[in-house]
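Numbering (the numbering used here), first residue to last: 424 to 636. Please read the structure below before turning to the comments.
Shown next, in the form of structure tokens:
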């Protein structure tokens with residue numbers, strides 16, 4: 424029994440399930456992640472957000488980080504392995520549940536395998552305002568992830584080296600696309616939004632500690 428995950432704003436290619444299951448191969452503790460492509464190439468906000476995710480996939484597939492994860496809009500595993508890890512942590516209500524799940528998977532001795540032949544088209548309509556909110560939420564999720572890692576005494580590095588951020592920033596310029604320079608600017612802005620969301624959560628925690636909540 425397999426579990427294949429996709430979001431409601433994604434359209435899988437024909438044969439998507441077969442490609443994921445084939446890559447999974449009924450191997451114990453093998454988590455498979457497919458390829459996600461932007462379904463809204465004329466929307467610079469959707470394109471920039473997907474460019475960021477695509478860069479992460481490429482970066483982690485190269486084996487240069489211990490923080491590898493697969494997004495839940497294109498992922499597959501055996502149902503029994505999912506239950507062994509107790510699934511996704513419901514404490515992650517906004518973002519980072521996929522990152523937390525992938526980290527726990529590796530911590531349990533599991534394997535993460537990329538299956539680029541399993542393709543979904545992601546059509547998440549974004550504006551400037553919703554792009555900013557999305558990445559603020561990612562920052563909030565990152566804070567929750569770091570706290571969860573601390574509770575588990577997970578010592579994997581939480582910050583990537585400088586070359587990661589340069590690669591991220593210039594990723595749109597290395598690929599064909601609409602308004603690539605603006606996309607690069609938006610990716611830089613996304614990091615500002617993430618830091619903003621992260622420290623808003625930190626300040627909220629401090630206020631709650633101060634009031635004894």
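Here a beta-carbon is modelled for each residue, glycine too, at the ideal position from N, C-alpha and C.
Can you name the start and end residues of the beta strand (DSSP E) that residue i belongs to?
i, result
"residue 455", "453 to 461"
Would the C-beta of residue i count as close to the ligand PLP, meaning under 6 Å from any of its heavy atoms?
i, result
"residue 572", "Judged by which ligands are present, the structure shown has none, so any question about the ligand PLP falls away."
Could you spell out the range, first to last residue, of the alpha helix (DSSP H) harbouring residue i?
i, result
"residue 478", "467 to 484"
"residue 446", "439 to 447"
"residue 585", "585 to 593"
"residue 582", "Taken as a continuous stretch (DSSP letters only), residue 582 belongs to no alpha helix (DSSP H), as it is neither H nor E."
For residue i and residue j, I'd like the C-alpha separation in whole angstroms.
i, j, result
"residue 479", "residue 631", "33 Å"
"residue 543", "residue 526", "23 Å"
"residue 585", "residue 592", "11 Å"
"residue 583", "residue 498", "24 Å"
"residue 529", "residue 605", "36 Å"
"residue 512", "residue 569", "14 Å"
"residue 495", "residue 521", "6 Å"
"residue 364", "residue 505", "Since the first residue shown for the chain is 424 and the last is 636, residue 364 is missing from the structure and cannot be characterised."
"residue 477", "residue 558", "15 Å"
"residue 599", "residue 474", "11 Å"
"residue 493", "residue 456", "5 Å"
"residue 509", "residue 447", "19 Å"
"residue 425", "residue 519", "22 Å"
"residue 491", "residue 538", "14 Å"
"residue 502", "residue 573", "28 Å"
Name the DSSP beta bridge partners of residue i, please?
i, result
"residue 425", "501"
"residue 434", "544"
Checklist entry - Taking the runs of the beta strand (DSSP E) that are 3 residues or longer, which of them lie wholly in the stretch 511 to 563? => result If you keep only unbroken beta strand (DSSP E) runs of at least 3 residues inside the stretch 511 to 563, you get 534 to 545.
Item to check | Any 3 or more C-beta pairs closer than 8 Å across the stretch 532 to 539 and the stretch 572 to 591 | outcome: Because the criterion of three Cβ pairs below 8 Å is not met, the stretch 532 to 539 and the stretch 572 to 591 do not touch.
Next on the checklist: Pairs of beta-carbons, one from the stretch 467 to 478 and one from the stretch 596 to 613, closer than 8 Å: are there three or more?
Outcome noted: Because the criterion of three Cβ pairs below 8 Å is met, the stretch 467 to 478 and the stretch 596 to 613 touch.
Checklist entry - Are three or more beta carbon pairs between the stretch 543 to 554 and the stretch 445 to 465 nearer than 8 Å? => result Output reads yes: the stretch 445 to 465 touches the stretch 543 to 554.
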